[in-house]
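By this note's numbering, the letter at position 36 of the sequence shown is numbered 299, and the numbering carries on one by one without gaps.
The beta-carbon is built from N, C-alpha and C at its ideal position, and this holds for glycine as well.
Below is one structure, written out as C-alpha cells; the observations come after it.
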Amino acid sequence: MRVERAARRGLPDGMPERALGRGPIVRRIDADRVVVALRAPIGAAPVAITTRRVGDAVHAVFQPSIGTGPRREPVPWHYVLRLPGPVPTDAPLTMRIVGLGFDPDVDVDVPPLP
Numbered sequence: 264m265r266v267e268r269a270a271r272r273g274l275p276d277g278m279p280e281r282a283l284g285r286g287p288i289v290r291r292i293d294a295d296r297v298v299v300a301l302r303a304p305i306g307a308a309p310v311a312i313t314t315r316r317v318g319d320a321v322h323a324v325f326q327p328s329i330g331t332g333p334r335r336e337p338v339p340w341h342y343v344l345r346l347p348g349p350v351p352t353d354a355p356l357t358m359r360i361v362g363l364g365f366d367p368d369v370d371v372d373v374p375p376l377p
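Here it is in C-alpha cells:
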C-alpha cells in the first residue's frame with residue numbers, strides 16, 4: 264500500500280474549496296508524494312487503496328465507503344499518497360482517479376513544482 268496517511272477531513276493548506284466543484288484536485292508535495300483532494304459524504308470517506316503506474320499516467324485507486332443513514336452533502340477530504348516511483352519535480356504528471364464512480368475515470372494533469 265502506498266498511502267502515507269488515511270483520509271483527513273477538510274482541505275490541505277492553500278487549496279480553495281471552490282476548486283473542488285470541478286472534480287478532484289491533485290498537487291505535488293515532492294518527487295515521491297502527491298496530495299489528492301476530493302468531495303465525499305461526511306460519514307463515508309473513500310479508502311485510498313494504492314497508486315500504480317499505467318503507461319504515462321499514475322493511477323490513484325480508491326474504494327468508496329458505504330455510508331449509513333440519510334445521504335448527506337459531500338464535504339472535502341484529502342489524502343497524501345506515495346507515487347509508485349519518483350517523478351522528477353520538473354516533469355509533467357497525469358494522475359487518474361479510479362474507483363469513485365466517475366464515468367469515465369478522471370484524469371488530472373499535475374503541474375511541475377516551481
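Checklist entry - Is it true that the CB of A300 sits closer than 8 Å to the CB of P454? => result Residue 454 cannot be examined here, being either before or after the span of the chain that is shown, 264 to 377.
Item to check | Contiguous beta strand (DSSP E) assignments of at least 3 residues, all confined to the segment 291–350 | outcome: Counting only runs of 3 or more, we get 296–304, 310–317, 320–326 and 337–345.
Next on the checklist: Could you give the first and the last residue of the continuous beta strand (DSSP E) run that contains L283?
Outcome noted: Unbroken run through L283: none, as it is neither H nor E.
Next on the checklist: Once the 5 residues before and after R315 are set aside, which same chain residues still bring their CB inside 6 Å of it?
Outcome noted: Hits under 6 Å: H322 and P347.
Checklist entry - By a C-beta neighbour count over all protein chains shown, 10 Å radius and 16 as the cutoff for buried, is I329 buried or exposed? => result The residue is exposed, with fewer than 16 neighbouring Cβ atoms inside 10 Å.
Item to check | Rounded distance between the beta-carbons of V350 and V298, thought under 8 Å | outcome: The C-beta separation of V298 from V350 comes to about 14 Å, leaving the pair out of contact by the 8 Å criterion.
Item to check | DSSP-derived helix/strand/coil call for D353 | outcome: In the structure shown, D353 falls within a coil segment according to DSSP collapsed to helix, strand and coil.
Checklist entry - When DSSP labels each residue in this structure, what does M358 get in the three-state scheme? => result In the structure shown, M358 sits in a strand (DSSP, three-state: E or B).
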